[in-house]
Amino acid sequence: MGSDFFNHLRKLLEKLPGIGPRQANRFLWALLDFTDDEQNELSNAIAEIPKHLKRCNICFRAFSVKNGEKICSFCGLNSKRDKNKIMVLEKDSDLLNMERAGVYDGLYHILGGMIDPLEEKGLVRERIKKLFERVNTEHSGKNGRLNTMPKAQVLQDLAQRDGASRAISQQRDMRVLAKSGAEASDIASLEIILALSPTKLGEFTSNYITRVLEPLKVKITRLARGLSTGIELEYADEMTLRNALDNRR
Ligand SMILES: [Zn+2]
């Protein structure tokens, strides 16, 4: 095995959260001791990921694909979830913990991280833009804010805020998706619940989202400080989550 290949594999493993060069090396040495069958099974399973696991095109939640669908069961046609609530979370493990606690029955929006204040672009900012479009297109019913406000103006405003340029074509995509998705609620009865961990970056990200959504005049709440500073949402217990949710404002 050439060292170039070893380095290549190590770099790939280091992309995983919490994996530094040392752990990556340890993984690679352990993989060497796998039998041929075990190595094949692992590499085949990884190759199959795109066929079996996807992120929802609306909420970005990870879900198991059965028939090539692009939208998860929460956002789908037969969903029984409360469409009047969208909870914004940092990551899938937060969602898993929230569902495990059984204290919430609304929809979600997964950011895939917190905003990096030093980066102008990136996954999280892109997903926040998608949240804006989601609220703007899916939930602008008869009494929706945007019937009284020119859509172009809103989009231009957003573009200025975040250097967006593809907002209009994305908007069209979202409308097509929304048609195939669950029946949307009116923007007037919609609530966006910011449920990010109360860390510095969490606060920064929550404030940023609030600014971006501001032109839509949608109701935005945040979880109550039942979560003590620095405690990650993914480890909070049921009682803590219920209190934080009940006392949101
Ligand atoms: Zn979804």
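First residue of the sequence shown? That's 888 in the numbering used here, and the numbers climb one at a time after it. For each residue, glycine too, the CB sits at the ideal point set by N, CA and C.
Taking its Cβ as the centre, do 16 or more other Cβ atoms sit within 10 Å of residue i, making it buried, or is it exposed?
i: R1109; result: buried
i: Y1122; result: exposed
i: P1085; result: buried
i: R948; result: buried
i: V952; result: exposed
i: M974; result: buried
i: L1128; result: buried
i: F950; result: buried
i: M1001; result: buried
i: E928; result: exposed
i: E977; result: buried
i: A911; result: buried
i: H996; result: buried
i: F892; result: exposed
i: F1019; result: buried
i: G1089; result: buried
i: M1126; result: exposed
Could you check what DSSP says for residue i in three-state terms: helix, strand or coil?
i: E1013; result: helix
i: T922; result: coil
i: V1063; result: Confidence is the limiting factor: at V1063 the pLDDT is only 47, short of 50, which leaves the residue's position unreliable, though a coordinate-based value still follows. Helix at V1063.
i: N954; result: coil
i: A949; result: strand
i: D1133; result: helix
i: E901; result: coil
i: I1079; result: strand
i: R913; result: helix
i: Y1122; result: helix
i: R1112; result: coil
i: A1051; result: Note on A1051: pLDDT 44, under 50, position unreliable in the model; the coordinate value appears next. Three-state DSSP puts A1051 in coil, outside helix and strand.
i: K938; result: helix
i: K1104; result: coil
i: T1097; result: helix
i: D1073; result: coil
i: P908; result: helix
i: T1086; result: coil
i: N1023; result: helix
i: N931; result: helix
i: N894; result: helix
Whether or not the region 1097 to 1109 and the region 945 to 964 are in contact is what I'm after, with contact meaning three or more pairs of Cβ atoms, one per stretch, closer than 8 Å; do they touch? Contact fails: fewer than three Cβ-Cβ distances are below 8 Å.
Stretch pair the region 965 to 975 + the region 989 to 996: three plus CB contacts closer than 8 Å: Three or more beta-carbon pairs drawn from the region 965 to 975 and the region 989 to 996 are found closer than 8 Å, and the two stretches are therefore classed as touching.
Taking a cut-off of 6 Å, which residues have a beta-carbon closer than that to any heavy atom of ligand 1, in chain order? A residue is listed when its beta-carbon falls short of 6 Å from at least one non-hydrogen atom of ligand 1; in chain order these are C943, I945, C946, R948, I958, C959, F961, C962.
Taking contact to mean at least 3 C-beta pairs separated by less than 8 Å, is the region 978 to 985 in contact with the region 927 to 939? Judged by Cβ distances under 8 Å, the region 978 to 985 makes no contact with the region 927 to 939, as fewer than three pairs qualify.
Quick check for students: name the residue ranges of the beta strand (DSSP E) that lie wholly in the region 952 to 1013, counting only runs of 3 or more. Annotation: the region 952 to 1013 contains the following complete segments of the beta strand (DSSP E) (minimum length 3 residues), in chain order: 969 to 976, 993 to 997.
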